[in-house]
Amino acid sequence: MRKIALFGPPATGKSTLARWLSAELGLPHTDLDDLLFTPMGALPLPEFRRQAGEITQQDAWIVEGNFSKLADVVWHRADVLVWLDFPLPLILYRIVRRSLRQLTGREDSPQAHRLTWGKAFFNRRSLLRTAIRKYRNNRPRYAKQVAETAALGVEVVRLRSPHEIRRWKADVRKGPAESHPQGATRHTTGP
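The opening residue of the sequence shown carries number 430 in the working numbering; numbering runs sequentially from there.
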């Protein structure tokens, strides 16, 4: 496991897991949001793809982010694709909890400085509404793209709960022969 692509909806712990994997395995970590969003605004897609592709041309990396439009330059180059596929009610609970912490000043992050009550909960494009819309619209597409990636020989680990993540992390610590927790879906030919 030297090239790891990690994705999932908001509030599933992508960044936390990616940072842990980076420390545990000694691999460099890149958050695709950090590439895409620059002080001058979002990168154009061709430049975003180019920069992500440069990272994944290296011998070892961890890349996290919800950008399936980069599947060919990120997912397909990975040894392992980790899909955090939590149920929608858990995602919504975590978004509400995180947003409330940020809005009340108990969590400091770049996102917290831009967050308002409307952006979190009430606007048409609020975090909650966007999470529901993307979950319903993107999940079937993700399943298809994950199957395509697996068909290329990339190992896919689909973790559906925080408990499965904890078990997988314990198995990762044990080494490659043990890194498949009971209950998690792992496949190399389809979802």
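Ideal placement from N, C-alpha and C gives every residue a C-beta, glycine not left out.
- By alpha-carbon distance to residue 594, the top candidate from 451, 515, 526 is 515.
- Residue 494 sits buried, since 16 or more C-beta atoms from the chains shown fall within 10 Å of its C-beta.
- Under the DSSP definition of a beta bridge, residue 490 partners with 432.
- Under the three-state reduction of DSSP output, residue 460 falls in the strand class.
- Spanning the alpha carbons of residue 447 and residue 488 requires a straight line of approximately 17 Å.
- Contact annotation: residue 575 and residue 510 have beta-carbon atoms nearer than 8 Å.
- Here residue 500 carries a coil assignment [DSSP, helix/strand/coil].
- Taking residue 430 as the centre and dropping the five residues before and after it, the same chain places the C-beta of 454, 508, 509, 605 closer than 7 Å to its C-beta, in chain order.
- Residue 552 has its alpha-carbon roughly 14 Å from the corresponding atom of residue 525.
- Cβ neighbours of residue 462 within its own chain (closer than 8 Å, five residues either side excluded): 494.
- Beta-bridge pairing by DSSP links residue 470 to 467.
- Residue 509 has 433, 584 as its beta-bridge partners, per DSSP.
- In the displayed model, residue 593 falls within a helix according to three-state DSSP.
- Around the Cβ of residue 452, a 10 Å sphere holds fewer than 16 other Cβ atoms; the residue is exposed.
- Distance from the Cα of residue 521 is smallest, within the candidate group 512, 564, 592, for 564.
- Taking the Cα of residue 561 as reference, the smallest distance to any Cα among 519, 436, 592, 503 is reached at 519.
- Between residue 579 and residue 585, the CB-CB gap stays under 8 Å.
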